[in-house]
Every structure is written in structure tokens, then in C-alpha cells.
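Chains as they are written, first to last, in this note's numbering: chain A, 2 to 199; chain B, 2 to 199.
Laid out in C-alpha cells, this is it:
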């Protein structure tokens with residue numbers, strides 16, 4: 002069975018890929034609006050781990066809508082959620098038997114409710130799988146420590162391909178670099194550089 | 002890291018074990034009140050799959066309470082839920098780094114809420130993992146078909162070691178065999194007989 006996994010090059014989506022790889026033909030799919038080349042970092046990590054990789058093109062109008070939402074809210078949560086739902090719809094249209102993402106039990110954003118999952122499955126005749134949704138934050142951290150090589154740092158310095166990078170770039174273009182710090186709270190991000198024992 | 006998984010010998014808990022085995026030292030733990038020997042079926046399946054196995058003894062008073070609940074309700078849901086929570090508490094006391102069960106996204110019973118999961122983790126200093134909670138019914142069925150050899154049949158004829166078997170035996174002892182059919186709706190159960198490609 003073929004499975005397309007939304008992939009950022011971070012620890013969560015990498016761990017999700019490794020949990021699924023014995024059971025599906027996994028292709029790592031990195032979403033991009035075409036605003037920056039950050040998706041290439043995810044491609045490099047995917048290739049170093051030996052996974053199939055494809056770029057997943059998103060609709061630039063959704064980026065505009067997400068940025069408007071984030072600027073109006075003053076925080077990124079709803080805009081990120083909007084982009085995640087759009088990404089899942091784009092991914093569902095590719096034609097995989099199953100699609101997946103790296104959302105965890107304790108994530109506040111993005112989230113995919115059971116109703117949203119079933120709607121995706123029914124409309125696109127596929128399985129939606131969230132392999133980390135039964136793992137808490139500490140369980141993921143412990144698994145990452147025993148499984149992956151990662152670089153950890155402040156979110157503005159780590160090269161990875163989540164939606165935040167492109168939305169940040171759009172907001173900086175519109176409102177200047179200073180706007181970023183007030184809208185996106187500083188938090189640690191990870192970029193996976195390899196796997197142990199592979 | 003050591004992990005103890007609540008194990009019935011059915012497809013869900015077997016699939017859960019296979020999802021986790023590359024990441025943890027998995028021991029399959031089959032809960033029993035000591036009422037029947039049904040736990041030995043789970044032991045035989047665990048051994049044929051090459052997993053470590055241990056019996057997990059439950060408190061017979063909880064069986065009595067569950068049976069009283071089921072007889073008063075006229076349906077098994079709340080009694081089964083009670084036994085599952087007791088089983089997780091017993092499992093958490095064994096001393097594993099992590100514990101797990103085979104609950105799925107679409108299960109109605111037993112369920113473990115996020116709050117219950119975090120409470121288990123905080124009180125026992127371990128990780129609680131539900132590896133199938135991000136998989137829907139169809140995804141599990143497709144994985145089982147591609148991964149396991151199973152026997153499927155009516156729940157009263159399949160030899161496996163879920164809580165239902167012992168609770169049925171207790172109710173039959175008290176109210177007669179005829180009481181079983183009216184309380185436990187007929188449904189299909191599975192007993193795993195082996196794995197493909199192992």
C-alpha cells in the first residue's frame with residue numbers, strides 16, 4: 002500500500018515515517034507555497050534517510066489567507082491550522098492509498114479531529130493515519146533521542162520546511178522583520194540530520 | 002526502553018506490538034482474573050510471534066464489580082471500561098518504562114482519554130502509548146490483511162483472551178448461559194494465528 006506523509010524534516014514527521022515504513026510504501030511529501038526554498042532541507046533529510054521524496058505544491062491564495070488571519074489574530078495558530086488542512090486536501094488528491102502526518106497527542110496546532118479524519122477518508126477513499134497521535138510529548142522525545150540525530154535551536158535559526166518558514170517570510174515582506182518576533186513566540190525547533198543504526 | 006503492552010491475542014493488540022517492536026523492548030502482558038485459562042491462547046500467539054510474554058494478574062474484586070455493573074446496565078460497555086482502567090493501573094505498577102494498549106481511533110470501548118493518559122504518566126513516571134489511536138477501522142483492517150494470519154468468527158466461538166471471556170464466564174455462572182446472549186451483542190472477534198513474512 003502506498004502512503005504519502007506530510008514531511009517537514011523535523012523530528013515528529015521523521016519519527017512518523019519510521020513508524021510506518023515497515024507497513025507501507027512511504028513517500029515523504031513536503032508542502033510548499035513556492036515562497037522560499039526551505040522545502041529543499043526536508044528533501045535532503047529524506048534522501049539521507051533513504052525515503053522517497055516529492056514536493057507538494059500548495060495554493061498561494063491559501064498563504065495569503067493564512068497571513069491575513071495571522072496578522073488579524075496577532076498569533077499564528079489559526080493560520081497554521083488553515084494551511085495544514087489545505088495541505089491534507091492537496092495530499093489526498095495525489096492518489097495514495099493512505100495519507101499521514103506527524104501530529105502528536107499533545108499538539109495544540111495543527112490538530113485533526115476524528116470527524117475531520119473521517120471526512121478526509123470518506124471523500125477521498127483513503128486512510129488518514131496519525132501515527133504519533135497515541136504518543137505524548139515525553140514519549141516522542143525519548144524515541145527521538147534513541148532513534149535520530151537532531152539539531153535543536155531557536156525557531157528562527159533552524160532550517161526546516163514547516164509552514165511557519167514561508168508564512169514568516171510573507172509577513173516579514175509585508176510588515177518588516179520586526180513583526181515576526183511579536184507574532185511568532187520563540188520556541189525550539191528541530192531539524193533531523195540522520196538516523197541511528199540505519 | 003522496556004514497554005509492556007496489554008495483549009489479548011487479537012488483531013489490534015498484535016498490530017500494536019508490531020508497530021512498537023523496532024523502538025522498544027516489548028513484553029506482551031495478558032490480563033487475567035484467574036477465572037478461565039483463556040489467557041493461555043494469548044501466550045501461545047505471543048510465543049509463535051516471538052514476543053516476550055507475561056501474565057498480568059487482576060484483582061478478582063474488580064471482576065465482581067464489573068459483572069455487577071454489566072448486569073445492572075444490561076450491556077457490557079461500562080464494565081469493560083472499568084476492567085481496562087484497572088488493567089492499565091496494574092500494568093503501570095509492573096515497572097516498565099512505557100506501557101501501551103491496542104485501542105483504536107474509532108473504538109467506543111475501552112477508551113483512554115488524553116487526561117487519563119496524562120494522569121497515568123504523571124502518577125507512575127512512565128509513557129502511556131496507544132499506537133493504534135491514529136488509525137481508523139479500515140486502516141487497521143487493511144494492515145491486518147497485509148501483515149497477519151487471523152481466524153475470524155462469532156465472539157462466543159473465538160478463543161482469545163480479552164476481558165469479555167472471563168466476564169461472560171462469571172455471568173453465565175450466576176445467571177445461566179442464556180443471559181450471555183442478551184447482554185453481549187453478537188460481534189466478530191479475531192484470533193491471530195501468525196504473522197506473514199516473519
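Using N, Cα and C, we set each Cβ at its ideal position, and we do this for glycine too.
- Bounds of the alpha helix (DSSP H) holding residue 167/A are 164-176.
- Taking 8 Å as the cut-off, the Cβ atoms of residue 191/A and residue 153/A count as close.
- Remark: fewer than three beta-carbon pairs, one from each stretch, lie closer than 8 Å, so the segment 53-67 of chain B and the segment 16-25 of chain B are not flagged as touching.
- Between residue 47/B and residue 164/B, the C-beta gap is not smaller than 8 Å, which leaves the two residues out of contact.
- Going by C-alpha positions, residue 36/B is about 55 Å away from residue 80/A.
- Judged by DSSP in its simplified three-state form, residue 39/A adopts coil rather than helix or strand.
- Burial is judged here by how many other beta carbons sit within 10 angstroms of a residue's own beta carbon; residue 27/A has at least 16 and is buried.
- For residue 122/B, the closest Cβ of chain A is nearer than 8 Å.
- Using a Cβ-Cβ cut-off of 8 Å, residue 147/B is close to 2, 24 of chain A, given in chain order.
- Residue 144/B has a beta carbon lying within less than 8 Å of a beta carbon in chain A.
- Look at residue 56/B here: in three-state DSSP terms it is strand.
- In this structure, residue 14/B keeps its C-beta atom at 8 Å or more from the C-beta atom of residue 4/B.
- Per DSSP, the unbroken beta strand (DSSP E) holding residue 5/A starts and ends at 3-7.
- The Cβ-Cβ distance between residue 121/A and residue 196/A does not fall below 8 Å.
- Residue 30/A is bridged by DSSP to 7/A, 55/A.
- DSSP places residue 182/A inside the alpha helix (DSSP H), whose first and last residues are 179-184.
- Around the beta carbon of residue 70/A, 16 or more other beta carbons sit within 10 angstroms, so the residue counts as buried.
- Cβ neighbours of residue 185/A within its own chain (closer than 6 Å, five residues either side excluded): 77.
- The continuous beta strand (DSSP E) containing residue 128/A extends over residues 128-130.
- Taking all protein chains in view, the Cβ of residue 118/A is crowded by 16 or more other Cβ atoms within 10 Å, so the residue is classified as buried.
- Note on the segment 78-127 of chain A: whole alpha helix (DSSP H) runs with a minimum of 4 residues are 78-93, 115-125, in chain order.
- Between residue 66/B and the set 177/B, 45/B, 168/B, 173/B, the nearest pair of CA atoms involves 168/B.
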